[in-house]
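**Q** If you scroll down you'll find the structure; I have some questions about it.
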Amino acid sequence: MSNTIKCPGCDKELSVKELRDNLGICPSCGKYFKIPWEYRMNLIVDENSYQEFGGEMQSCNILGIPGYDEKLADNKLKTNQNDAVSTGLCTIDGQKAILCSMNFTFMGGSMGSIVAEKLTAAMIQGALEDLPVIICTASGGARMQEGIFSLMQMAKTSAAAALMEEVSVPLFIVLTGPTTGGVTASFAMLGDVILAEPQALIGFAGPRVIQGTIGQELPPNFQTSEFQLDHGFVDAIVERKDLHKTLSFLIKTHKRVEA
Amino acid sequence: MSETYEEIKERLSLIDKVTPPRSAWSCVQMARNIKRPGTMDYINLIFDDFMELHGDRSFADDPAMIGGLAMFGDRPVTIIGTKKGSNLKENLDCNYGMSKPEGYRKALRLAKQAEKFHRPVISFIDTPGAYPGIGSEERGVGEAIAFNLKKLATLKVPTLSFITGEGGSGGALGIGITDKIYLLENAVYSVITPEGFASILLHDPSKAEEAANIMKMTSHDLLELKIINGIIPEVEEGAHTNPEFTAEAIKQTIEKDLNTLCAKDPMSLVRYRLRKIRSIGASPDQHEWWQPLLSLMQKAEKVKN
């Protein structure tokens, strides 16, 4: 197995260690690579403060779609996780919060019933206990293997965001690449503050679908974090190294000050 | 001549275990039939009068999403619905029923207006999905749909939706989170088209017919899965051969539901809706999870007032 990766941004051969030491960013051209969710989680939370909950929940093949059971089994083995999101309690500069990290490696981070229920439970716990909720997204959208059930999970997660809004508990979103489809069209766009990592793919319809519909070239930068910032859908683009301090600041500034 | 309303009701009540009258694939074709009655047809047949309200107050008026005010008997209601158009010119104007962000934002504006004036919201859905284009993305179609889902989940008035043809994914859901959801007998509702499902999961786009079966997208499938509340009957040959019949069935459904739902206080409507939404798919073990939240919501409401 090769220990080097060719950077798609500048063609430079990078060692895995070099890339890891630089937070998954090419040291020569600044290209952002996808990183494992645990890696990002560790960048965000205070050391050893993450306590996962809901990790035992497992998806089932509710519609009996051929191949789904095998796919789930393979992805569990591959990721050592039961599904495509991890939810847990943490502290950030000593401030308590709930952190949800989607895992693109598990079936493209797709949202089925379990992913949505875990996110919903996390948001509802946040609403009840007055804890800010942070969700790092990474998802191709709804999980096709769960058919209509996966569509309804957009409703479920959005309803949870609505409940947080009703009781004025903050929801912070960190968009990472890629975030598309049913995740973009639900909780991912419902944060009180929406941050994005640089260069992430963020959009609703896939670029190929759009190209197929309109039959013309897509503009450069289309559906990137930078595009979303330009069009007003992202509050700020935040470098990985700054995620911890930015989220810490957001938690501090969203506390209600007693009169 | 076709069956009477009573005969169809009888037939539908027997449907429980018998084979559905049409295959999933033939429902897909029926749902896409260009002659199928659309939102405007049902509005004209069901409501005494209708005044269309235009625009999202921000960017444009999307002809693919219509909305406005009407009387249902003595009751004022707000109507929102997708529009495919009934001739080629209208089809093109309406992008074949594919709404852009401004369409979803118009629907949201009208839903909020309905809440402010305590009017029920009734939506009619027939869309292949939201419009996938450069402008749609530039103006945040994902954000627009997301905000509708969030607002509709806790809207403090009764809401009903009728999927009359194609219920195409997020584009349909964007105006379809309601207290009660009905499918016309030959309508379909799914997260992706059978063609898309076949090409992604069966690795063969020509297997759309097989995909339609697997996906559970027909009215009978969705009723069994408890995604929808009921089926609106059509005559044997399909709604386009007798729109009056289907319109009458929708009318009776609205009448019955509004009588029940309008009698409920807003918080119990919201509680019912939230419970229902959360129960789809994996649901929590605790039975009364919503109770402490509703007390918090009520407290927050008092602070605001």
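Line order of the protein sequences matches chains A and B.
For the first sequence, position 55 (counting from the first letter as 1) is numbered 55 according to the numbering used here, and the numbering increases by one without interruption.
For the second sequence, position 51 (counting from the first letter as 1) is numbered 310 according to the numbering used here, and the numbering increases by one without interruption.
Idealized CB from N, CA, C, for every residue including glycine.
(1) Would you call the segment 429-440 of chain B in contact with the segment 141-159 of chain A, where contact means no fewer than 3 C-beta pairs closer than 8 Å?
(2) Which one of B:Ala329, B:Lys475, B:Ala470 has the shortest CA to CA distance from Thr337 (chain B)?
(3) Can you look up Tyr32 (chain A) in the DSSP assignment and give me helix, strand or coil?
(4) Any heavy atom of the ligand GTP inside 8 Å of the beta-carbon of Met526 (chain B)?
(5) Under 9 Å, Cβ to Cβ, is there at least one residue of chain B near Val209 (chain A)?
(6) Quick check on the DSSP output: the alpha helix (DSSP H) that includes Met568 (chain B) runs from which residue to which?
(7) Go through its chain and collect everything with a Cβ distance to Met57 (chain A)'s Cβ below 8 Å, but skip five positions before and after it.
(8) Is Ile381 (chain B) helix, strand or coil by DSSP?
(9) Measuring CB to CB, does Met102 (chain A) end up less than 9 Å from Thr157 (chain A)?
(10) Could you give the residue range of the beta strand (DSSP E) that holds Glu52 (chain A)?
(11) Can you list, in chain order, the residues of its chain whose CB lies under 6 Å from that of Leu243 (chain A), leaving out five sequence neighbours each side?
(12) Find out if the Cβ-Cβ distance for the pair Ala201 (chain B), Ile339 (chain B) is shorter than 9 Å.
(13) Between which two residues does the alpha helix (DSSP H) containing Val16 (chain A) stretch?
(14) Counting only Cβ pairs nearer than 9 Å, list the residues of chain A close to Gly392 (chain B).
(15) What would DSSP say about Gln81 (chain A), mapped onto helix, strand or coil?
(16) Mark Ser15 (chain A) as exposed unless 16 or more other C-beta atoms lie within 10 angstroms of its C-beta, in which case mark it buried.
(17) Determine the extent of the beta strand (DSSP E) in which Arg334 (chain B) is found, giving its start and end residues.
(18) Under three-state DSSP, which class holds Val494 (chain B)?
(19) Please classify Val257 (chain A) as buried or exposed, where buried requires at least 16 neighbouring CB atoms within 10 angstroms.
(20) Please report the distance separating the alpha-carbon of Pro178 (chain A) from that of Thr120 (chain A).
(21) Do Pro198 (chain A) and Phe222 (chain A) have their C-beta atoms closer together than 9 Å?
(22) Could you round the C-beta distance between His254 (chain A) and Pro132 (chain A) to whole angstroms and report it? I think they count as a contact, below 8 Å.
(23) Taking C-beta to C-beta, are Leu408 (chain B) and Ala196 (chain A) nearer than 9 Å?
(24) Let me make sure I understand the geometry here. Which of B:Met324, B:Leu347, B:Leu351 has the alpha-carbon closest to that of Lys359 (chain B)?
(25) Please list the terminal residues of the continuous beta strand (DSSP E) segment that includes Gly177 (chain A).
(26) DSSP three-state label for Leu555 (chain B), please.
(27) Let's see if you can read the secondary structure: which residues bound the beta strand (DSSP E) around Ala196 (chain A)?
(28) Can you name the start and end residues of the beta strand (DSSP E) that Met123 (chain A) belongs to?
(29) Under a Cβ-count criterion, where at least 16 other Cβ atoms within 10 Å of its own Cβ denotes burial, should Ala236 (chain A) be classed as buried or exposed?
(30) Whole angstroms is fine: what's the gap from Glu402 (chain B)'s alpha carbon to Gly94 (chain A)'s?
(31) Would you mind telling me which residues of chain B sit closer than 9 Å to Val167 (chain A), beta carbon to beta carbon, in chain order?
(32) With a CB to CB cut of under 6 Å and the five nearest residues on each side skipped, what residues in its chain are close to Thr413 (chain B)?
(33) I'd like the ranges of any alpha helix (DSSP H) spanning at least 4 consecutive residues and lying wholly in the segment 337-425 of chain B.
(34) Out of B:Ser527, B:Ile536, B:Asp480, B:Pro391, state which residue places its alpha-carbon closest to the alpha-carbon of Phe279 (chain A).
(35) Apart from the five residues just before and just after Ile536 (chain B), which ones in its own chain have a Cβ nearer than 8 Å to its Cβ?
(36) Looking at the C-beta of Trp284 (chain B), does it have a partner C-beta in chain A at a distance below 9 Å?
**A** Taking the structure as given:
(1) These segments touch.
(2) What you label residue 337 (chain B) is simply residue 78 of the second sequence in a count that begins at 1. The shortest Cα separation from Thr337 (chain B) among B:Ala329, B:Lys475, B:Ala470 belongs to B:Ala329.
(3) Taking the first residue of the first sequence as position 1, residue 32 (chain A) is located at position 32. Under the three-state reduction of DSSP, Tyr32 (chain A) is assigned to strand.
(4) Among the components modelled here there is no ligand, and therefore nothing to report on the ligand GTP.
(5) For the purposes of this step, residue 209 (chain A) is identified with residue 209 of the first sequence, where counting begins at 1. Yes, Val209 (chain A) counts as interfacial toward chain B.
(6) What is shown of chain B runs 260 to 564, which leaves residue 568 (chain B) out entirely.
(7) Taking the first sequence and counting its residues from 1, one reaches residue 57 (chain A) at position 57. Shown here for Met57 (chain A): same chain residues with a beta carbon closer than 8 Å to its own, the five before and five after excluded, namely Asn82, Asp83, Ile114, Glu117, Lys118 in chain order.
(8) In the second sequence, counting from the first residue as 1, residue 381 (chain B) sits at position 122. Note: Ile381 (chain B) maps to strand in three-state DSSP.
(9) As a position in the first sequence, residue 102 (chain A) is number 102, starting the count at 1. As a position in the first sequence, residue 157 (chain A) is number 157, starting the count at 1. Not in contact: Met102 (chain A) and Thr157 (chain A) (Cβ atoms no closer than 9 Å).
(10) For the purposes of this step, residue 52 (chain A) is taken as residue 52 along the first sequence, with counting starting at 1. From DSSP, the beta strand (DSSP E) with Glu52 (chain A) extends over 51-53.
(11) What you label residue 243 (chain A) is simply residue 243 of the first sequence in a count that begins at 1. These residues qualify, in order along the chain: Leu43, Ile44.
(12) One cannot answer for residue 201 (chain B) here, as it falls past the ends of chain B, which runs 260 to 564.
(13) The residue given as residue 16 (chain A) occupies position 16 in the first sequence. Element bounds for Val16 (chain A): 16-21.
(14) Start at 1 with the first residue of the second sequence, and residue 392 (chain B) comes out as number 133. When 9 Å is used as the limit between beta carbons, Gly392 (chain B) is near these residues of chain A: Ala205, Ile210, Thr213, Ile214, in chain order.
(15) The count along the first sequence starts at 1 and reaches residue 81 (chain A) at position 81. Correct three-state label for Gln81 (chain A): coil.
(16) For the purposes of this step, residue 15 (chain A) is taken as residue 15 along the first sequence, with counting starting at 1. When all chains shown are included, Ser15 (chain A) counts as exposed.
(17) The residue given as residue 334 (chain B) occupies position 75 in the second sequence. Here the beta strand (DSSP E) through Arg334 (chain B) covers 334-341.
(18) Translated into the one-based positions of the second sequence, residue 494 (chain B) becomes position 235. Assigned with DSSP and collapsed to three states, Val494 (chain B) falls in coil, not helix or strand.
(19) In the first sequence, residue 257 (chain A) corresponds to position 257, counting from 1. Val257 (chain A) comes out exposed.
(20) As a first step, residue 178 (chain A) must be located in the first sequence, where it is residue number 178. As a first step, residue 120 (chain A) must be located in the first sequence, where it is residue number 120. So the two alpha carbons sit approximately 21 Å from each other.
(21) Here the question's residue 198 (chain A) lines up with position 198 in the first sequence. Here the question's residue 222 (chain A) lines up with position 222 in the first sequence. Contact check for Pro198 (chain A) against Phe222 (chain A) fails: the beta carbons are separated by 9 Å or more.
(22) For the purposes of this step, residue 254 (chain A) is identified with residue 254 of the first sequence, where counting begins at 1. For the purposes of this step, residue 132 (chain A) is identified with residue 132 of the first sequence, where counting begins at 1. Indeed they touch by this definition, with Cβ atoms about 6 Å apart.
(23) The residue you call residue 408 (chain B) lines up with position 149 of the second sequence. The residue you call residue 196 (chain A) lines up with position 196 of the first sequence. No, these two residues do not count as a Cβ contact at 9 Å.
(24) In the second sequence, the residue the question calls residue 359 (chain B) occupies position 100. The residue from B:Met324, B:Leu347, B:Leu351 with its alpha-carbon nearest to that of Lys359 (chain B) is B:Met324.
(25) The residue labelled residue 177 (chain A) in the question sits at position 177 within the first sequence. For Gly177 (chain A), the uninterrupted beta strand (DSSP E) run begins and ends at 171-179, by DSSP.
(26) Position 296 of the second sequence, counted from the start, is the residue given in the question as residue 555 (chain B). DSSP places Leu555 (chain B) in the helix class (H, G or I) of the three-state scheme.
(27) Within the first sequence, residue 196 (chain A) is the residue found at index 196, counting from 1. Ala196 (chain A) -> beta strand (DSSP E) spans 193-196.
(28) Within the first sequence, numbered from 1, the residue matching residue 123 (chain A) stands at position 123. Note, Met123 (chain A): premise wrong, no beta strand (DSSP E); alpha helix (DSSP H) at 113-129.
(29) Start at 1 with the first residue of the first sequence, and residue 236 (chain A) comes out as number 236. With fewer than 16 other Cβ atoms within 10 Å, it is exposed.
(30) As a working mapping, residue 402 (chain B) is identified with position 143 in the second sequence. As a working mapping, residue 94 (chain A) is identified with position 94 in the first sequence. Across the structure, Glu402 (chain B) and Gly94 (chain A) are spaced so that their CA atoms are roughly 32 Å apart.
(31) Position 167 of the first sequence, counted from the start, is the residue given in the question as residue 167 (chain A). Near Val167 (chain A) (Cβ distances below 9 Å), the residues of chain B are Leu552, Leu555, Met556, Lys558, Ala559.
(32) Translated into positions along the second sequence, residue 413 (chain B) becomes position 154. Contacts found: Val529.
(33) As far as the segment 337-425 of chain B is concerned, its whole alpha helix (DSSP H) runs of at least 4 residues are 347-352, 360-375, 393-397, 400-412.
(34) Nothing in the structure corresponds to residue 279 (chain A), since chain A is present only between 1 and 259.
(35) In the second sequence, the residue the question calls residue 536 (chain B) occupies position 277. So the qualifying residues of the chain are Ala412, Ile436.
(36) Stepping through the second sequence from its first residue, residue 284 (chain B) is reached at position 25. Chain A contact via Cβ: absent.
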